[in-house]
Structures are given as C-alpha cells and as structure tokens.
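Numbering (the working numbering), first residue to last: 1 to 238.
A short worksheet on the structure shown next.
Okay, here's the thing in structure tokens:
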C-alpha cells in the first residue's frame, strides 16, 4: 500500500531552482533513502514533504490518499503523524530530556498512549533514560541525536523523515542509532532517510533514490545501487 506519493515536486529559493520535478513513492512500512552530493536537494525534498518550504504550481503530494498540499506544517505532524528530524537536531537546549519529549506530544490526540511511547523510547535509548533530568544542550552530539529521533517518535510516528542522522556520530553510536531505527521501523513506522554516508544509507534502506542538482537520476533496490558502477564511482569511493 502506498504511504507517500510525490509527483512533479518543484521548489525554488528566490530565483534559484532547487528541485526540478521529482517523482517518487514510498510504500507503507518501507525504509527508503535519498542520496546525492552536497546541494543536490536532499534536505529540500524532506522540507517540502513536511510543508516547511513552499512548492511550485504543478506539484502533487499525497499521504495515504490525503493531499499534503492542503496541510500546514503543524498539521502534517498532529493530524497525519509525519515527523521530521532536521539536520542540526534543533532541540530545546534549556529543557531536560523528559521535557523535550513531553513537549513533542502537545498536539497528540491519543493522550492515553503517551506514557507507553515515552517508556518505549527510554527503553530503546537507555542513554536517554540515564539522562532524563539533564538539559539537552549539555549532552554529547550522539545523545542529542538520540533525543531528536525520540522526540520525533513522540510527536508523530506514522512516518519519520530523517535528515543526516549519522552526522557527527562516532561509529559505535552510529550503529546503535541505526539499530534503534530498524526497531522503530519494525514496529510499523515508515522511514524516509536523507544521508550523506551513501554506503550506510543503502545498507540500511530497502530502496534508494539518487538526486543530482535537483533531479532524480537513478532509483532501485539498495543492493542494486550498491553494485551500480556510477553510484560506486560517485558516492561509494570506488
């Protein structure tokens, strides 16, 4: 069943064209990655889906049959259950771990599930359990990334958009993060991932899309993209 359908996605910043008509879809329960170089339009794609940037005429996007263009960014989270973990995390540094997580639930309608989800996140990320009363701004980069993912889960977990989740993480924490994301996916959350580390992204996802200068140039199963000569040369160092 199709979760997200994107057709002719076009975005401009002033007079600069960022996306030139992307077409792709994601099925319910999938993990899909978008790879590409710096400035290719990966982050803009996520921001367009979460309605944080304006799209141009002719763009069509739907989530499980609902027209995304009819929703504001806050309603995409509160009504459609789509959460966005942006590059740079953007936590509330002066609030504790617990306060960050609880603040993310303010628009949820299933109040009876909040305690269950909070317990699940603290179990999935034991480091956050240990630092429940610590202010987010005083934690390490890896711990902050865990908190950013947990906060997204608490706000809306039908679908998660992840922008560079491995950035700044030590290898051990990186593996721990992606293991946790696999568990979140296994419990029913669809994941769309933007990642500079192309090899890691393709090993994690089932399918991938390659974007160059705002255009979709390749798509396929992750195992096929990992073996593709052009992908190897451009993004895998070989």
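Backbone N, C-alpha and C fix where the C-beta goes; we use that ideal spot for every residue, glycine too.
On a predicted model such as this, the values are computed, not experimentally measured, just so you know.
Near the ligand ZN: residue i beta-carbon under 7 Å from a heavy atom
i	result
residue 46	The model on display carries no ligand, and the ligand ZN is accordingly not part of it.
Cβ-Cβ separation, residue j to residue i (assumed contact under 8 Å), whole Å
i	j	result
residue 53	residue 156	Actually they do not touch by this definition, with Cβ atoms about 19 Å apart.
residue 163	residue 43	5 Å
residue 96	residue 135	6 Å
residue 146	residue 118	Contact flag wrong, Cβ pair sits at about 14 Å.
residue 120	residue 114	In fact, because the Cβ distance is near 11 Å, the residues do not count as touching under 8 Å.
residue 73	residue 51	4 Å
residue 150	residue 101	6 Å
residue 35	residue 195	7 Å
residue 231	residue 165	Actually they are not in contact, since the Cβ atoms of residue 231 and residue 165 sit about 20 Å apart, beyond 8 Å.
residue 139	residue 131	6 Å
residue 209	residue 24	6 Å
residue 5	residue 62	5 Å
residue 167	residue 87	7 Å
Start and end residues, alpha helix (DSSP H) containing residue i
i	result
residue 98	97 to 103
residue 232	229 to 235
residue 3	First-last for residue 3: 2 to 13, but that is the beta strand (DSSP E), not the alpha helix (DSSP H).
residue 118	114 to 124
Residue from the options with nearest C-alpha to residue i
i	options	result
residue 75	92, 49, 123	49
residue 177	116, 7, 199, 204	204
residue 160	231, 20, 197, 47	47
residue 217	93, 172, 37, 65	37
residue 240	192, 79, 191, 140	Residue numbering for the chain in the displayed model covers 1 to 238; residue 240 lies beyond these limits and cannot be assessed.
residue 186	149, 234, 30	30
residue 169	65, 194, 142, 14	142
residue 7	67, 35, 34	67
residue 175	197, 133, 188, 16	197
residue 200	93, 230, 226	226
residue 212	64, 4, 22	22
residue 39	131, 18, 116, 138	18
residue 276	10, 69, 71, 28	In this structure the chain extends from 1 to 238, so residue 276 is not present and cannot be described.
residue 127	116, 144, 112	144
residue 223	20, 24, 33, 2	33
residue 1	229, 20, 28	28
residue 3	59, 64, 58	64
residue 58	93, 112, 20	20
The beta strand (DSSP E) enclosing residue i, as first and last residue numbers
i	result
residue 18	16 to 27
residue 78	Residue 78 -> not in any beta strand (DSSP E); alpha helix (DSSP H) instead, spanning 73 to 78.
residue 83	82 to 85
Report the start-end ranges of each alpha helix (DSSP H) in the segment 33 to 63 that is 4 residues or longer and not cut off at the edges. 42 to 49
What are the start and end residues of each continuous beta strand (DSSP E) run of 3 or more residues lying completely inside the segment 137 to 219, in chain order? 159 to 163, 190 to 194, 207 to 212
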